[in-house]
Amino acid sequence: MARLSRRQPARQLRAGRGRQRRGRQPGRRRAPAGAVGPARALAVRRLPPGPARVGPGHHQLDGAPAAAARRAGQPRRRADRRSRRLARAGRQPRARRRRRPHRRGADPHLPGRRPGRAVTVAAPPARGLGPAFTRLWGAAGGSNLSDGVAATAAPLLAAALTRDPVVISLVGVAQFLPWLLFGVLSGSVVDRFDRRRVAAVACGVRAVVAAVVCLLVAADAMVIAVLIAAVFVFGVFETMADGALQAMVPSVAGRDRLVRANSRFQATEVVAQNFVAAPLAGVLFAVAAALPFIVHSAGYVLAAVLVLTLPLSAARPPRADGEPKEPLTRRSLAEGIRFLAGHPVLRRLWAVNVVLAVFNALAQAVFVLYVLDQLGLPDAVYGVFAMAAALGALLGALIVPRPVRRFGRGPVMVASVLVTGASYALCGFVPHAVAASVAMVTVGASVSAWNVVSVTIRQELVPSRLLGRVHGAWRTLGWGLMPVGTFAGGLLGAVDLRLPFIVGGIGIAAAGLGVSRPLSVLSKKD
Numbered sequence: 061m062a063r064l065s066r067r068q069p070a071r072q073l074r075a076g077r078g079r080q081r082r083g084r085q086p087g088r089r090r091a092p093a094g095a096v097g098p099a100r101a102l103a104v105r106r107l108p109p110g111p112a113r114v115g116p117g118h119h120q121l122d123g124a125p126a127a128a129a130r131r132a133g134q135p136r137r138r139a140d141r142r143s144r145r146l147a148r149a150g151r152q153p154r155a156r157r158r159r160r161p162h163r164r165g166a167d168p169h170l171p172g173r174r175p176g177r178a179v180t181v182a183a184p185p186a187r188g189l190g191p192a193f194t195r196l197w198g199a200a201g202g203s204n205l206s207d208g209v210a211a212t213a214a215p216l217l218a219a220a221l222t223r224d225p226v227v228i229s230l231v232g233v234a235q236f237l238p239w240l241l242f243g244v245l246s247g248s249v250v251d252r253f254d255r256r257r258v259a260a261v262a263c264g265v266r267a268v269v270a271a272v273v274c275l276l277v278a279a280d281a282m283v284i285a286v287l288i289a290a291v292f293v294f295g296v297f298e299t300m301a302d303g304a305l306q307a308m309v310p311s312v313a314g315r316d317r318l319v320r321a322n323s324r325f326q327a328t329e330v331v332a333q334n335f336v337a338a339p340l341a342g343v344l345f346a347v348a349a350a351l352p353f354i355v356h357s358a359g360y361v362l363a364a365v366l367v368l369t370l371p372l373s374a375a376r377p378p379r380a381d382g383e384p385k386e387p388l389t390r391r392s393l394a395e396g397i398r399f400l401a402g403h404p405v406l407r408r409l410w411a412v413n414v415v416l417a418v419f420n421a422l423a424q425a426v427f428v429l430y431v432l433d434q435l436g437l438p439d440a441v442y443g444v445f446a447m448a449a450a451l452g453a454l455l456g457a458l459i460v461p462r463p464v465r466r467f468g469r470g471p472v473m474v475a476s477v478l479v480t481g482a483s484y485a486l487c488g489f490v491p492h493a494v495a496a497s498v499a500m501v502t503v504g505a506s507v508s509a510w511n512v513v514s515v516t517i518r519q520e521l522v523p524s525r526l527l528g529r530v531h532g533a534w535r536t537l538g539w540g541l542m543p544v545g546t547f548a549g550g551l552l553g554a555v556d557l558r559l560p561f562i563v564g565g566i567g568i569a570a571a572g573l574g575v576s577r578p579l580s581v582l583s584k585k586d
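The sequence shown begins at 61 in my numbering and counts up by one.
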């Protein structure tokens with residue numbers, strides 16, 4: 061015993077130096093009453109069997125570290141030798157505490173559990189889109205609500221002012237003509253200036269014009285020429301507001317969550333324009349012709365206020381210190397078109413989008429006559445088919461992230477194009493009410509899925525400084541050529557009301573088959 065007491069100070073000195081190296085204050089430890097020998101020391105240092113949070117995608121062996129190292133042929137660690145020395149002295153080694161246990165990657169070595177189990181740690185749950193995206197989402201919802209009210213109330217007001225079909229058709233032309241004339245220029249404005257202010261000014265101008273229309277209608281001073289001019293102004297500033305809102309999505313939501321963000325945008329557009337704005341505008345117009353334009357103006361005011369509360373990161377594309385603004389020249393205006401035409405993936409997507417827009421307009425050009433004359437249904441049933449297409453679009457926007465995660469983007473896009481073509485062909489070859497209803501649901505779902513994925517890919521591949529110009533160029537041909545498809549569909553419908561659906565379905569399906577192989581490279585899963 062005397063011999064052991066002479067060695068005790070040296071043993072304490074070595075233990076104190078070890079604690080100093082590990083950042084602990086030296087001091088004498090008291091041996092627990094239940095401490096025994098080496099077996100007890102090793103048992104205390106065993107790792108717990110529960111799941112260890114050490115970070116996403118990592119593997120952690122939750123057995124005794126020293127024993128596992130010896131089995132793998134590695135040299136014995138110093139910590140194991142110290143445990144054996146403490147055990148011979150009759151003292152229990154202090155359990156290692158977790159530093160900052162609330163963080164991922166904290167030390168998972170806890171006493172009292174079994175060794176030897178390998179645990180695969182799953183990735184952390186996805187983060188939310190954040191309050192800034194919620195405000196941007198609300199601004200888009202207010203703008204889409206106003207657009208839907210105008211799309212329903214303007215034709216009704218035009219029909220109340222005149223019964224000339226050619227003059228009434230000019231209202232539809234004035235709605236889409238600005239995309240063909242000002243799409244590229246509006247994209248350059250979005251990329252050059254503060255995107256928040258561009259969207260706010262665009263919504264504010266439309267709110268003022270809608271208020272003027274409301275006052276003219278209430279005073280019974282509205283004429284058809286003023287209505288057509290107002291619809292044209294709505295379309296011009298829609299090119300700016302829509303481009304600015306779309307360009308701010310990557311910086312607000314984050315490029316790793318674009319599928320979810322665009323899915324919500326697409327679903328909100330469908331719900332606001334088809335499920336809320338269209339019936340609301342019809343009911344309000346039946347009460348008083350000026351009431352829809354009050355809601356029309358208020359929606360734009362709400363969008364302008366919300367978009368001004370967005371953070372500075374959404375304002376403009378990042379620029380290096382001292383870098384001057386890009387001059388607004390003819391070359392800068394055409395840069396979006398050059399980028400789309402020069403990118404191998406976006407060029408194909410752009411071509412398919414133009415084909416989809418033209419043939420979709422061709423197929424739906426005489427849809428109202430197809431329902432009333434070909435199917436022999438009453439006028440009240442026509443709204444059911446429009447509601448079926450809107451319901452399909454909503455379902456497609458909400459569920460598209462799931463097949464994208466499972467199958468990849470390329471297969472989902474090809475399938476959406478083929479389903480759209482097959483659905484239109486079904487209406488032409490099987491002229492039945494049930495077949496037409498199912499076709500409208502699948503058309504809405506597949507077109508909505510295509511829009512969500514294509515917008516996501518465009519936002520990921522296009523630099524932030526070009527998002528506005530690329531968006532404008534994308535819709536210049538797509539939406540600008542829709543009147544051409546509508547006119548061609550009318551010519552085919554004069555021959556046979558089923559012919560536009562057959563030609564439109566075949567054209568869309570052929571476009572999908574033509575790009576199925578190039579789009580197979582888009583196999584990224586979200």
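We put the CB at the ideal spot given by N, CA and C, even for glycine. What you are looking at is a predicted structure, and each value in this text was computed from that prediction instead of being measured.
Whole angstroms is fine: what's the gap from G436's alpha carbon to T536's?
37 Å
Nearest residue (CA-CA) to N334, options A446, A364, D280, L241:
A446
Cβ contact check for the stretch 506-517 and the stretch 193-202: 3 or more pairs under 8 Å:
no
Going along the chain, which unbroken runs of the alpha helix (DSSP H) with 4 or more residues stay wholly within the stretch 405-474?
442-459, 461-467
Same chain only: Cβ atoms within 7 Å of F297, ignoring 5 sequence neighbours per side
A262, V265, R266
With distances taken Cα to Cα, identify the nearest neighbour of V415 among S248, A332, V343, A569.
A569
N204 versus H492: straight-line alpha-carbon distance, rounded
33 Å
Inspect the beta-carbon positions of G314 and L526 and report whether they are closer than 8 Å.
no
The alpha helix (DSSP H) with D280 in it runs from where to where?
Per DSSP, D280 belongs to no alpha helix (DSSP H) and is neither H nor E.
Using the rule of at least 16 other Cβ atoms within 10 Å of the residue's Cβ for burial, across every protein chain shown, is R466 buried or exposed?
exposed
What three-state label does DSSP hand L189 in the structure shown?
coil
Which residue from G553, F253, V269, V472 puts its Cα closest to that of A421?
G553
Can you tell which of G549, R407, S476 has the C-alpha that lies nearest to the C-alpha of V464?
S476
Expressed to the nearest angstrom, what Euclidean distance is found between the alpha-carbon atoms of G669 and L559?
This structure gives no information on residue 669, because the portion of the chain shown stretches from 61 to 586.
Are the beta-carbon atoms of H356 and A210 separated by less than 8 Å?
yes
Using DSSP with H/G/I as helix, E/B as strand and the rest coil, what is T369?
coil
When DSSP labels each residue in this structure, what does F399 get in the three-state scheme?
helix
For R558, does the three-state DSSP call read helix, strand or coil?
coil
Hey, quick one: how far does the alpha helix (DSSP H) through R324 stretch, first residue to last?
318-330
Which term fits P191, buried or exposed, when burial requires 16 or more other beta carbons within 10 angstroms of its beta carbon?
exposed
Please name the residue, chosen from P543, V426, A449, that lies closest to V233 on a Cα-to-Cα basis.
P543
Inter-residue CB distance, V530 and L400 (contact presumed, cutoff 8 Å):
6 Å
Among V336, I562, L216, which one has its Cα closest to the Cα of A348?
L216
In chain order, what residues of the same chain have a beta carbon less than 6 Å from the beta carbon of A337, not counting five sequence neighbours either side?
L205, G208, V209
Determine the extent of the alpha helix (DSSP H) in which R223 is found, giving its start and end residues.
It is not in any alpha helix (DSSP H) - R223 carries neither H nor E in the DSSP assignment.
V494 to D251, Cα distance in whole Å?
47 Å
Candidates A301, I517, S524, V273: which alpha carbon is nearest A218's?
V273
Are L237 and F292 closer than 8 Å when you measure CB to CB?
yes
What residues in its chain sit with their C-beta under 7 Å from that of D280, if we drop five residues either side in the sequence?
none
Straight-line Cα distance separating R320 from V405
21 Å
Cβ-Cβ distance between L221 and V269 below 8 Å:
no
Going by beta carbon distance, what residues of the same chain come within less than 6 Å of G247, once the five residues before and after it are set aside?
G303, G396, G528, R529, H531, G532
Can you give me the C-alpha to C-alpha distance between G359 and A350, rounded to a whole angstrom?
15 Å
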